[in-house]
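Below is one structure, written out as structure tokens; the observations come after it.
Residue numbers (the working numbering): 1 to 201.
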């Protein structure tokens with residue numbers, strides 16, 4: 001069974017990934033990571049995770065660009081790290097933004113790039129972890145869209161305010177404009193005890 005990532009093993013994996021990129025003398029990579037890895041790396045929540053989800057790449061000018069596809073040399077190095085540490089081969093992936101319906105492709109929350117936490121792992125690898133406000137956006141969207149209870153648990157652990165949830169809900173409804181999704185979102189907000197937000201959206 002593949003190992004889960006803790007804060008310690010995540011850091012070890014990324015340092016090893018950086019070393020692999022150095023050995024291969026690749027170009028520099030700047031990853032923007034969301035999900036569980038970003039939660040634990042920024043100290044927003046203590047838990048384990050299965051992977052590091054890349055929601056965007058950052059170019060040399062500091063602009064966010066699509067992570068689809070991820071560079072082949074990066075994926076090759078990540079597979080080597082997986083073998084070294086006993087992680088799943090897909091421990092580093094662009095799942096959130098891998099196709100036309102992805103988070104990057106449909107539009108990231110406004111100002112996300114200004115709220116990133118930067119970790120430099122070496123000359124060829126920098127990882128930018130998303131911040132709390134953006135986690136609330138993504139986790140509310142995921143909790144309404146998927147059956148995985150982890151997303152709702154993460155969202156509640158972030159202790160969002162009504163204003164933050166309303167902002168996140170309005171962003172999510174731009175990604176799924178259906179009336180059915182709006183109803184699911186309203187029911188989720190009521191379940192969380194935020195009835196006033198549910199009425200406002």
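We put the CB at the ideal spot given by N, CA and C, even for glycine.
Could you give the distance in angstroms between the alpha-carbon of residue 170 and the alpha-carbon of residue 178?
13 angstroms
Cβ atoms of residue 135 and residue 39: under 8 angstroms apart, would you say?
yes
Specify the secondary structure class of residue 6 as computed by DSSP and reduced to three states.
coil
Does the separation of the CB atoms of residue 77 and residue 20 fall below 8 angstroms?
yes
Between the beta-carbon of residue 6 and the beta-carbon of residue 48, is there less than 8 angstroms?
yes
According to DSSP, residues forming a beta bridge with residue 93:
53
Going by DSSP, what residue range makes up the alpha helix (DSSP H) through residue 30?
It is not in any alpha helix (DSSP H) - residue 30 instead sits in the beta strand (DSSP E) that spans 29 to 34.
Quick check: what's the CA-CA separation for residue 53 versus residue 200?
31 angstroms
Residue range of the alpha helix (DSSP H) that includes residue 112
Residue 112 -> no alpha helix (DSSP H), and no H or E assigned at all.
Flag this pair as yes or no: are the beta carbons of residue 109 and residue 102 separated by less than 8 angstroms?
no
Got a sec? Which residues, its chain only, sit under 8 angstroms from residue 79 by beta carbon, not counting five neighbours each side?
89
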